[in-house]
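What follows is one structure encoded as structure tokens, with my remarks underneath.
In this note's numbering, the protein residues as written are 2 to 456.
Structure representation (structure tokens):
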């Protein structure tokens with residue numbers, strides 16, 4: 002019995018020794034390099050953390066040693082003068098990097114590190130692919146989609162994407178256990194069948210976006226590509242054919258779909274936290290509330306769903322709620338209540354002359370107003386400008402013949418507080434009884450909602 006226990010202990014010790022990463026030596030040679038110091042960083046998402054720094058041992062020559070227990074992942078070597086080299090450090094014990102100072106990325110070589118040789122070859126192939134596709138897309142911009150040559154270019158673009166996908170797939174199949182293969186999979190997009198177009202193409206991407214990505218490997222956290230892939234996935238759920246509330250629901254459905262996949266807890270937390278940051282300070286508050294209060298598997302919610310939290314979060318500008326009624330002072334000094342304005346639909350637009358996005362958006366809203374005013378739409382444009390003359394001149398120059406009022410921004414403005422105007426432009430589409438019908442954030446979302454209401 003003692004012999005068996007001793008064998009088990011020896012086996013455990015041996016196994017643990019295999020699991021402990023051995024020291025890694027990193028050699029960097031920059032021909033014609035002159036920086037006296039080099040720094041080594043580890044990627045953590047899209048951020049980098051300083052790991053080590055070293056002085057050159059000879060002109061353009063630097064050495065780093067990563068001790069036992071180092072984190073496998075994507076590292077960045079900074080040798081000054083804006084020369085930054087991305088290096089994969091997996092299980093290889095020696096990483097050799099050589100390049101030329103005047104073409105650092107194109108000249109990258111590694112004689113002993115298979116990981117990095119494969120990864121850099123892929124990056125060069127991807128760079129060529131990007132140049133080719135840019136040229137094709139530029140040509141497509143000169144032709145109408147009704148011209149045959151346009152469709153020939155479109156077919157060639159699809160072929161270029163497919164060729165890169167086949168190249169990447171070949172690398173991964175040949176080297177399935179390398180960290181480089183995991184990172185290449187992370188960067189590579191699904192290959193869409195040529196016959197799929199429009200919504201069918203988008204649906205295919207949604208269904209296959211995470212195929213081939215090993216969500217059980219924590220080393221993905223140490224690549225900048227994970228965050229980029231996450232947001233490219235979220236973008237698949239954005240559609241110009243949705244109104245604001247449908248768009249909220251689409252984002253939530255996409256996030257729910259991702260978070261229900263089998264993955265490491267650390268990756269799930271990474272996704273949740275990045276999405277929270279991304280949706281904070283946007284008009285997609287229902288999405289943010291979902292991210293903060295939903296329990297994704299064993300992850301504790303950031304906030305508990307309580308009546309007080311819901312009241313604070315949703316306030317009085319939730320779709321379906323009654324909007325705050327207030328008195329408007331028109332340019333002719335006449336006063337009228339919002340509820341007394343005779344219109345089937347009332348669009349509140351908070352804006353300012355010093356807001357570039359407002360100046361871009363208002364003419365678009367004016368076009369929509371001209372199209373829907375006979376269907377019962379009235380626009381109440383509320384400027385938060387302090388200068389009266391500048392506001393009046395803009396209204397006159399742009400020929401904005403709707404209800405124009407000015408509510409200078411101040412802490413004492415109840416209107417701005419009740420409508421939570423912390424940015425411009427901000428829109429609320431109301432019924433004649435002041436029920437909030439929608440909170441569009443784009444011209445297209447407003448147009449989609451009005452089209453459905455008036456058909």
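C-beta atoms are modelled at their ideal positions from N, C-alpha and C, and glycine is treated no differently.
Beta-bridge pairing by DSSP links residue 429 to 349. Closest by C-alpha distance to residue 75, out of 93, 317, 220, is 220.
The three-state secondary structure of residue 212, taken from DSSP, is coil.
Residue environment for residue 175: exposed (fewer than 16 other C-beta atoms within 10 angstroms of its C-beta).
CA-CA distance, residue 73 to residue 183, rounds to 12 Å. Straight-line measurement puts the Cα of residue 149 at about 55 Å from the Cα of residue 301. Pairing residue 341 with residue 404, the inter-Cα distance amounts to about 13 Å. Within the model, the alpha-carbon separation for residue 168 versus residue 127 is close to 10 Å. Membership of residue 95 in the beta strand (DSSP E) is indicated by the continuous run 95-101. In this structure, 217 is the residue among 217, 414, 350 with its C-alpha nearest to the C-alpha of residue 269. In the displayed model, residue 320 falls within coil according to three-state DSSP, outside both helix and strand. Around the beta carbon of residue 115, fewer than 16 other beta carbons sit within 10 angstroms, so the residue counts as exposed. Rounded to the nearest whole angstrom, the CA to CA distance from residue 388 to residue 45 is 47 Å. Inter-residue distance for residue 334 and residue 230 is about 54 Å (C-alpha atoms, whole angstroms).
Within the region 321-402, complete alpha helix (DSSP H) segments of at least 4 residues are found at 357-373, 389-399, given in chain order. Along the length of the region 103-157, whole alpha helix (DSSP H) runs at least 4 residues long occupy 115-141, reported in chain order.
Taking C-beta atoms as the reference points, residue 180 and residue 91 count as a pair closer than 7 Å. In terms of Cβ geometry, residue 353 and residue 386 form a close pair [threshold 7 Å]. DSSP places residue 30 inside the beta strand (DSSP E), whose first and last residues are 25-32.
Assignment of residue 298 by DSSP, reduced to helix, strand and coil, places it in the coil class. In this structure the region 100-116 does not lie against the region 250-268, because fewer than three pairs of beta carbons, one per stretch, are closer than 8 Å. A contact is defined here as three or more CB-CB pairs under 8 Å, and the region 93-107 fails this definition with respect to the region 40-60. Contact annotation: residue 418 and residue 351 have beta-carbon atoms that are not nearer than 7 Å.
Here residue 123 is not near residue 27, since their CB atoms are 7 Å or more apart.
Residue pairing by DSSP places residue 45 opposite 48 in a beta bridge.
Residue 444 counts as buried, since at least 16 other C-beta atoms from the protein chains shown sit within 10 angstroms of its C-beta. Per DSSP, reduced to three states, the secondary structure at residue 56 is strand.
For residue 75, the pairing in a beta bridge is given by DSSP as 89. DSSP, reduced to helix, strand and coil, places residue 423 outside both helices and strands of the structure shown, so it counts as coil.
C-alpha of residue 381 to C-alpha of residue 339: approximately 9 Å in a straight line. Under the DSSP assignment, residue 285 falls outside any alpha helix (DSSP H); it carries neither an H nor an E label.
The beta carbon of residue 87 sits closer than 7 Å to those of 75, 77, all from its chain and outside the five residues before and after it, given in chain order. The C-alpha of residue 224 is placed about 40 Å away from the C-alpha of residue 145. Just so you know, the alpha carbons of residue 425 and residue 442 end up roughly 10 Å apart.
Between the alpha carbons of residue 288 and residue 250 lies a gap of roughly 8 Å. Taking 7 Å as the cut-off, the beta carbon of residue 439 is found no closer than this to the beta carbon of residue 452.
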